[in-house]
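The opening residue of the sequence shown carries number 93 in my numbering; numbering runs sequentially from there. Glycine included, every Cβ here is placed at the ideal spot set by N, Cα and C. A short worksheet on the structure shown next.
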Amino acid sequence: MTTNVSRDQVLWYRVRQHGLLRDSEQPDVLDIGLQDTQMGSAQLALAARTTGPVSLDGYELGWTLRGAPYHHRPGELRRLAGELWPWSDTDARARLMWQKSRTVTDGLTATETYRLIAESMREVVTKPMTKGAASAEVTKLMPPGMLKACPACKSTHIYEQPFRLAALPGGLRLRTGENGLLLEPLPKRGSIPTKSTNPHGLVHRYLRFLGPATPAEVAKWLDTSTANVREIWPDDLAEVTVDGRRAWLPKTNVDELLDCDRVELVRLLPAMDPFLQARDHDLLVPDKAEQKALWTILRNPGALLVDGQIGGMWRARLAGRKSLEVTVTLFDTEMDPSMRDDVQAEAERIAEVRGVPAVVVRYA
93 MTTNVSRDQV
103 LWYRVRQHGL
113 LRDSEQPDVL
123 DIGLQDTQMG
133 SAQLALAART
143 TGPVSLDGYE
153 LGWTLRGAPY
163 HHRPGELRRL
173 AGELWPWSDT
183 DARARLMWQK
193 SRTVTDGLTA
203 TETYRLIAES
213 MREVVTKPMT
223 KGAASAEVTK
233 LMPPGMLKAC
243 PACKSTHIYE
253 QPFRLAALPG
263 GLRLRTGENG
273 LLLEPLPKRG
283 SIPTKSTNPH
293 GLVHRYLRFL
303 GPATPAEVAK
313 WLDTSTANVR
323 EIWPDDLAEV
333 TVDGRRAWLP
343 KTNVDELLDC
353 DRVELVRLLP
363 AMDPFLQARD
373 HDLLVPDKAE
383 QKALWTILRN
393 PGALLVDGQI
403 GGMWRARLAG
413 RKSLEVTVTL
423 FDTEMDPSMR
433 DDVQAEAERI
443 AEVRGVPAVV
453 VRYA
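Encoded structure:
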């Protein structure tokens, strides 16, 4: 039997799964990690879910989902190295962004290419190294078909995405050093995977936090093809329809989807917040122009979340050394005085995390 739910029910389910009620200082959404940006999105995402001091000390940073930098709980990078290993050679080709007609490069399949780069990174990075230094040394170990001429740095080096994807299975994590990002060996790093240790793990976690969803949406999140996701699609899921659209959710989460209460809630979510990682943009923001404004190619704004709905976007900039200016652009949301007070409180939370003593909120 298929369960019918509304868009409103889905959004409130996600709000609760993501810990946006601030009912825990260690929200469960850490199960999928916090993507970071140069603007400190990971800290701000944690601040939107907690009330106490915000610190990422003790968390592990690595190139994980889609080769992007994510903060994860201590000890989880080793598990993710196995879970993120390609399910098949077809999956490896998709993640390496090979064209469909390309099955081998320099005599190696995509999976063998994955392994060669991971082995090379493990051989090269035996102590903390800058990304540039590691790339230069790994490039020396690569066959010609895995290299590209780069006009920007006037050199030839390994492609960026394969370099990032192979770092974690190669046993490497990231940390911030005085001269920028450093690669370093994981403590007690395991062996390079030979197969995915849990093909369903990441699918289940996406569906729990960003479901109900489809195989195509999970595929976009993992940077692979829908066909690859369908091949490992779990059989312990519940089918639901969201305003007539078929989607899936772990069976254990259906009751939570149906029983979510509504509360008054205002949050300023940073760019790349886990809530915004859902690939069903039409559900999150039905208006196409608003979608285009919120999800840009570079420098995404943050999102204004009002009572379960995305009601606008925001950007922040320093106004001198002691003040942060937060500009809020409303979509189709009416702001009463109490809601403006809530936005002000959230902006003050952001300023606190960024170490700025004062904040001014403006409405575009």
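What span of residues does the alpha helix (DSSP H) with residue i cover, start to end?
{"i": "residue 254", "result": "252-259"}
{"i": "residue 387", "result": "No alpha helix (DSSP H) holds residue 387; DSSP gives it neither H nor E."}
{"i": "residue 448", "result": "First-last for residue 448: undefined, no H or E at that position."}
{"i": "residue 230", "result": "223-231"}
{"i": "residue 346", "result": "346-350"}
{"i": "residue 135", "result": "133-139"}
{"i": "residue 264", "result": "Taken as a continuous stretch (DSSP letters only), residue 264 belongs to no alpha helix (DSSP H), being part of the beta strand (DSSP E) at 264-269."}
{"i": "residue 376", "result": "373-376"}
Mind checking which residues open and close the beta strand (DSSP E) that includes residue i?
{"i": "residue 421", "result": "415-422"}
{"i": "residue 329", "result": "329-334"}
{"i": "residue 239", "result": "239-242"}
Whole angstroms is fine: what's the gap from residue i's alpha carbon to residue j's?
{"i": "residue 148", "j": "residue 193", "result": "43 Å"}
{"i": "residue 388", "j": "residue 424", "result": "20 Å"}
{"i": "residue 239", "j": "residue 133", "result": "32 Å"}
{"i": "residue 189", "j": "residue 130", "result": "25 Å"}
{"i": "residue 163", "j": "residue 146", "result": "13 Å"}
{"i": "residue 170", "j": "residue 292", "result": "17 Å"}
{"i": "residue 151", "j": "residue 366", "result": "16 Å"}
{"i": "residue 416", "j": "residue 448", "result": "7 Å"}
{"i": "residue 295", "j": "residue 412", "result": "45 Å"}
{"i": "residue 394", "j": "residue 455", "result": "14 Å"}
{"i": "residue 316", "j": "residue 125", "result": "19 Å"}
{"i": "residue 161", "j": "residue 356", "result": "32 Å"}
{"i": "residue 307", "j": "residue 334", "result": "15 Å"}
{"i": "residue 336", "j": "residue 96", "result": "8 Å"}
Run the CB neighbour count on residue i, radius 10 Å, all protein chains shown included, and call it buried at 16 or more, exposed below.
{"i": "residue 226", "result": "buried"}
{"i": "residue 245", "result": "exposed"}
{"i": "residue 350", "result": "exposed"}
{"i": "residue 452", "result": "exposed"}
{"i": "residue 320", "result": "buried"}
{"i": "residue 118", "result": "exposed"}
Below 8 Å, how does it come out for the segment 245-261 and the segment 208-228: are there three or more Cβ pairs, yes or no? With the rule of 3 Cβ pairs closer than 8 Å, the segment 245-261 counts as touching the segment 208-228.
Check whether the segment 213-228 touches the segment 272-287, counting contact only when three or more Cβ pairs, one atom from each stretch, lie closer than 8 Å. Between the segment 213-228 and the segment 272-287 there are three or more C-beta pairs closer than 8 Å, enough to call the two in contact.
Could I get the ranges of all uninterrupted alpha helix (DSSP H) runs contained in the segment 155-210, with 4 residues as the minimum, in chain order? Runs of the alpha helix (DSSP H) inside the segment 155-210: 168-175 and 181-187.
Which whole runs of the alpha helix (DSSP H) in the segment 275-324 are 4 residues long or more, in chain order? As far as the segment 275-324 is concerned, its whole alpha helix (DSSP H) runs of at least 4 residues are 293-302, 307-314 and 318-323.
If you scan the segment 95-131 from start to end, which runs of the alpha helix (DSSP H) of 4 or more residues do you find wholly inside it? DSSP runs (the alpha helix (DSSP H)) wholly in the segment 95-131: 99-109.
Using 8 Å as the threshold, is the segment 339-355 in touch with the segment 100-115, meaning 3 or more CB pairs across them? With the rule of 3 Cβ pairs closer than 8 Å, the segment 339-355 counts as touching the segment 100-115.
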